[in-house]
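Numbering (mature numbering (1 follows the signal peptide of the UniProt record, and there is no 0)), first residue to last: -23 to -1, 1 to 384. Where a beta carbon is used, it is the ideal one built from N, C-alpha and C, also for glycine.
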């Protein structure tokens, strides 16, 4: 192939990609039957060179869940107790059981003495009381009820002890390397600890279950105990009402853990997760989470880079084929998280051969486009042939064989 022709093909590809209106990639992940919903591996450091923020808490992290990019972190890998934020894992396992069909919201369960006897925050379940799984889950998500959390554990695995084993197994599957659970409530217990980064990981996994949002945005509700008693529920996550776009999260507080929260908010097409551990007061944890979320939404955006099936202008020359060239297309979707105003810093660098030898199959990968940000390759998008090209003379040879056999 002549160098001029190859150069024209590459320039056409760059022109197409830089000018096209592209769409966001869909990262929805189906829930597996034996493993937790996959959460992206969080990067070990903040993504881009944005101004730092100093927070008056023990640990914190701000993450964009679709990419797993960390926008800000502070002592994110220091293990510590997190109080009722532990219930994120309890809720995740409950949601997985629902997704797998092992339990339904309508299934009813009898409250045990162990569940009814839990201290701390509770919904005042009585021994022998019968409640549907929906009430137990709602009470855990909205009211952070310890008694409901233990009732969930017993409903799914027979005992809190076995349930906690599953919590730790799930943590390992999610790559939460600095986490150990001792109970399902977050009540003080020796050896129970996690990190801000690990909390973000399990929060992201929890958010992959749409059913979570049926409960997480509830501000006020009640539990009917069936004996004339009614317990009022108020969401412990005040950001549900106070922060635009906040639709979920989990709070927690003990003397040892301080005041903690894992909060999520979505504005436009971008969702963020902010984890705050060890704040001095309840209001301070909400203020810090607000500051982090404001920072993320103010500085970053999701930028659609590539859409699967986008045609590439020009054709890749084919040698020894019945056609002199083959049309190309992108074989991948990609959305990047970038700092606002840095769209021009995203470079698309094609990597294609000068030609390809026949035969060429439709869908065959023939090259790629490298996505470069700040001089670093952050992704590669495959480029495929969209049509079949047979070897020269092969069609005629096949036709003669078929004719000989009367086919």
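| said: Relative to the C-alpha of residue 278, which candidate in 36, 301, 48 has its C-alpha closest? | reply: Here residue 278 refers to the residue found at position 301 of the chain shown. Residue 278 has its Cα closest to that of 48, out of 36, 301, 48.
| Can you name the residues that DSSP bridges to residue 338? | Counting from 1 along the chain shown, the entry for residue 338 is found at position 361. None; residue 338 has no bridge partner.
| task | Please go through the same chain and pick out, in chain order, the residues whose beta-carbon is closer than 8 angstroms to the beta-carbon of residue 128, but skip the five residues on each side of it. | result | On the chain shown, residue 128 is found 151 positions in, with the first residue counted as 1. In chain order, 86, 88, 89, 92, 102, 108, 113 place their CB closer than 8 angstroms to the CB of residue 128, counting only its own chain and leaving out the 5 sequence neighbours on each side.
| field | Any non-hydrogen atom of the ligand ZN within 6 angstroms of residue 244 CB | value | Because no ligand of any kind appears in the structure shown, any question about the ligand ZN cannot be addressed here.
| request: Could you please give the first and the last residue of the uninterrupted alpha helix (DSSP H) stretch that includes residue 175? | output: As a working mapping, residue 175 is identified with position 198 in the chain shown. Membership of residue 175 in the alpha helix (DSSP H) is indicated by the continuous run 173 to 184.
| Going by beta carbon distance, what residues of the same chain come within less than 7 angstroms of residue 220, once the five residues before and after it are set aside? | Numbered from its first residue, the chain shown carries residue 220 at position 243. The beta carbon of residue 220 sits closer than 7 angstroms to the beta carbons of 242, 267, 270 from its chain, once the five residues preceding and following it are set aside; these are given in chain order.
| query | So, are the CB atoms of residue 257 and residue 172 less than 7 angstroms apart? | reply | Looking up residue 257 in the chain shown gives position 280. Looking up residue 172 in the chain shown gives position 195. Contact: no.
| task | Please classify residue 33: does DSSP put it in a helix, a strand, or coil? | result | For the purposes of this step, residue 33 is identified with residue 56 of the chain shown, where counting begins at 1. In the structure shown, the three-state DSSP call for residue 33 is coil.
| Beta-bridge pairing of residue 259 - partner residues as DSSP gives them | The residue labelled residue 259 in the question sits at position 282 within the chain shown. Under DSSP, residue 259 takes part in no beta bridge, so it has no partner.
| query | Secondary structure at residue 291, three-state DSSP: helix, strand or coil? | reply | Position 314 of the chain shown, counting from 1, holds the residue named residue 291. Residue state, collapsed to three classes: strand.
| residue 113, DSSP secondary structure in three states | Against the chain shown, residue 113 aligns to sequence position 136. Under the three-state reduction of DSSP, residue 113 is assigned to helix.
| request: Give me whichever residues DSSP pairs with residue 243 in a beta bridge. | output: As a working note, residue 243 is residue 266 in the chain shown. Its beta-bridge partners are 248.
| message | Suppose you measure from the CA of residue 151 to the CA of residue 131; what does that come to, to the nearest Å? | response | If you number the chain shown from 1, residue 151 lands on position 174. If you number the chain shown from 1, residue 131 lands on position 154. One C-alpha to the other measures close to 23 angstroms.
| field | Per-residue DSSP class, three states only, for residue 264 | value | Sequence index remark: in the chain shown, residue 264 carries index 287 (1-based). Three-state result, residue 264: helix.
| task | Taking only the alpha-carbon atoms, compute the straight-line gap between residue 216 and residue 38 and give it to the nearest angstrom. | result | In the chain shown, residue 216 corresponds to position 239, counting from 1. In the chain shown, residue 38 corresponds to position 61, counting from 1. Just so you know, the alpha carbons of residue 216 and residue 38 end up roughly 17 angstroms apart.
| Buried or exposed: which applies to residue 295, given that a residue is buried once 16 or more other Cβ atoms fall within 10 Å of its Cβ? | The count along the chain shown starts at 1 and reaches residue 295 at position 318. With 16 or more other Cβ atoms within 10 Å, it is buried.
| query | Alpha carbon to alpha carbon, what distance is there between residue 140 and residue 326? | reply | Position 349 of the chain shown, counted from the first residue, corresponds to residue 326. Position 163 of the chain shown, counted from the first residue, corresponds to residue 140. Residue 326 and residue 140 have their C-alpha atoms spaced approximately 49 angstroms apart.
| Do you know offhand how far residue 118's Cα is from residue 31's? | The sequence position of residue 118 within the chain shown is 141, counting from 1. The sequence position of residue 31 within the chain shown is 54, counting from 1. So the two alpha carbons sit approximately 30 angstroms from each other.
| said: Alpha carbons only, please: which of 42, 57, 192 is nearest the one belonging to residue 229? | reply: Along the chain shown, read from residue 1 onward, the residue named residue 229 stands at position 252. Among 42, 57, 192, the Cα nearest to that of residue 229 belongs to 57.
| task | Identify every residue that forms a DSSP beta bridge with residue 353. | result | Within the chain shown, the letter at position 376 stands for residue 353. DSSP output for residue 353 lists 350 as bridge partner(s).
| When you compare only the Cα positions, how much space is there between residue 260 and residue 226? | In the chain shown, counting from the first residue as 1, residue 260 sits at position 283. In the chain shown, counting from the first residue as 1, residue 226 sits at position 249. If I take the Cα positions, the gap works out to 15 angstroms.
| task | Go through the segment 25 to 104 residue by residue and report every complete run of the alpha helix (DSSP H) that reaches 4 residues or more, in order. | result | Listed in chain order, they are 64 to 76, 90 to 93.
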